[in-house]
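Chains as they are written, first to last, in my numbering: chain A, 16 to 159; chain B, 16 to 159.
All C-beta atoms in this analysis are idealised placements derived from N, C-alpha and C, irrespective of residue type, glycine included.
From a predicted model like this one, the values you see are computed outputs, not experimental measurements.
Number of protein chains: 2
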Amino acid sequence: MTSLKKQAYNKLIDCGIKPSSQRTAILEYLLSHHTHPTVEEVYKSVLNEIPTLSITTVYNTLRLFSEKQAATMLTIDDHRICYDGVTTPHAHFYCKQCGRVIDVPYEGLSDIQTDNVMGNQVTEVHLCFKGLCQKCQSQSESQS
Amino acid sequence: MTSLKKQAYNKLIDCGIKPSSQRTAILEYLLSHHTHPTVEEVYKSVLNEIPTLSITTVYNTLRLFSEKQAATMLTIDDHRICYDGVTTPHAHFYCKQCGRVIDVPYEGLSDIQTDNVMGNQVTEVHLCFKGLCQKCQSQSESQS
DNA sequence: TATCTTGTTGGAAAAATTACAAGAAGATTT
DNA sequence: AAATCTTCTTGTAATTTTTCCAACAAGATA
């Protein structure tokens, strides 16, 4: 078992999730690709390792991960959900042009983090910046 | 013309959007209902006023509003987009149980607000807390 | 009025997500 | 080890959400 697979396996145990081969492979993928993949992307990639994998399993598994805090469901893009295997606090930047989601280290997030907002119990804090990424900026400059 | 319709009309002009009757009615609805409605909800409601309204128009219009900053597109719920006509900075709380989106005044947001994150040009800042709302908390208590 | 541009409509298509029932795998009991 | 029970996975079909597109309507310009 590779160290990455072991890492995924252990995280599943820690989160109280039974580590089936499908679940371990999916988490392993998330832990090694910090690209905020969509369900479809996870499915297609893990299919290489498990050719019998079903898209329903991917949906079920990722929802389970989100519930058990093994991964975070990001609802940033306006037409698809994506997932983040990094569960330590950080923010995101979303490029409205190319659709990429980029990690943003954000120290201030621990100050924002609170258990209670107006009497409502908080379990997750999502901070997302939206705009035009560096790459897309320079591309639209060179065109004009 | 009611004061609310006038208000919607003026906001459209300010944002550089031609104020057709459909657009005005849709913005009027957003300005008078701070419930973060989905496209479907906007459609059904405005249909009372404009019986020939098409769902495509609602999609087109709300996307336009979002582009021209007349409203904000919220991608909080995992299976539907919703819209917010209040464009002054504030945060949101999303209840994972009942799905409601509640406004949260957040003074700190102006501190977070920045034009540039890691070289990327920022035009919107989204801060969203997720968890269990007060109402759902007390309901699950009384059941146990 | 004629022409041009912009906005709206409806229906059909595409894409994303969920439901569900059957089968497989793993754990537990006898 | 066989029988039983539970949990997980699969595939298909259905549902829901969103977009596409072509025709029509309305408003602006000349």
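- Using a Cβ distance threshold of 7 Å, D99 (chain B) and H51 (chain B) count as a contacting pair.
- By the rule that beta-carbons nearer than 7 Å mark a contact, E56 (chain A) does not touch chain B.
- A residue is called buried once 16 or more other Cβ atoms fall within 10 Å of its Cβ, and E55 (chain B), having fewer, is exposed.
- D99 (chain B) is bridged by DSSP to B:T87.
- Per DSSP, the unbroken beta strand (DSSP E) holding K145 (chain A) starts and ends at 135 to 147.
- For I70 (chain B), no CB of chain A lies under 7 Å from its own CB, so it is not counted at the interface with that chain.
- The beta-bridge partner set that DSSP reports for Y109 (chain B) consists of B:V116, B:K145.
- Residue environment: C97 (chain A) is assigned as buried (16 or more neighbouring CB atoms within 10 Å of its CB, all protein chains considered).
- Pairwise C-beta distances place the region 119 to 130 of chain A out of contact with the region 69 to 88 of chain A, as fewer than three of them are shorter than 8 Å.
- Assignment of beta-bridge partners to V61 (chain B) by DSSP yields no partner.
- Residues of chain B whose Cβ lies closer than 8 Å to the Cβ of T90 (chain A) are, in chain order, T90, I91, D92, D93.
- One alpha carbon belongs to H107 (chain A), the other to L79 (chain B), and they sit about 24 Å apart.
- Shown here, T72 (chain A) sits in a helix according to DSSP, grouped into three states.
- Under the 7 Å criterion on CB atoms, V73 (chain A) is classed as non-interfacial with respect to chain B.
- Close to L45 (chain B), with beta-carbon spacing below 7 Å, lies no residue of chain A; the smallest spacing is near 17 Å.
- Using a 10 angstroms sphere on the CB of G146 (chain B), the tally of other CB atoms reaches 16 or more, which defines it as buried.
- Against chain A, the beta carbon of V116 (chain B) has no neighbour under 8 Å; the closest one sits roughly 11 Å away.
- The three-state secondary structure of T53 (chain A), taken from DSSP, is strand.
- Interface flag for F80 (chain A) against chain B is unset, since no Cβ pair is found closer than 7 Å.
- Ranking B:R115, B:S36, B:S81 by CA distance to the CA of V101 (chain B) puts B:S81 first.
- Between C151 (chain A) and C110 (chain A), the alpha-carbon positions lie close to 8 Å from each other.
- Interface annotation for the region 134 to 145 of chain A against chain B: G134, N135, Q136, V137, T138, E139, V140, H141, L142, C143, F144, K145, criterion Cβ-Cβ distance under 8 Å.
- One finds nothing in chain A with a Cβ atom closer than 8 Å to the Cβ of I28 (chain B); even the nearest lies about 24 Å away.
- The region 37 to 46 of chain B makes contact with the region 61 to 69 of chain B, as at least three CB pairs between them are under 8 Å.
- The Cβ atoms of D130 (chain A) and V137 (chain A) sit closer than 7 Å to each other.
- Counting other Cβ atoms within 10 Å of its Cβ, I117 (chain B) reaches 16 or more and is therefore classed as buried.
- Residue environment: L27 (chain B) is assigned as buried (16 or more neighbouring CB atoms within 10 Å of its CB, all protein chains considered).
- Looking at the DSSP output, N131 (chain A) shares a beta bridge with A:Q136.
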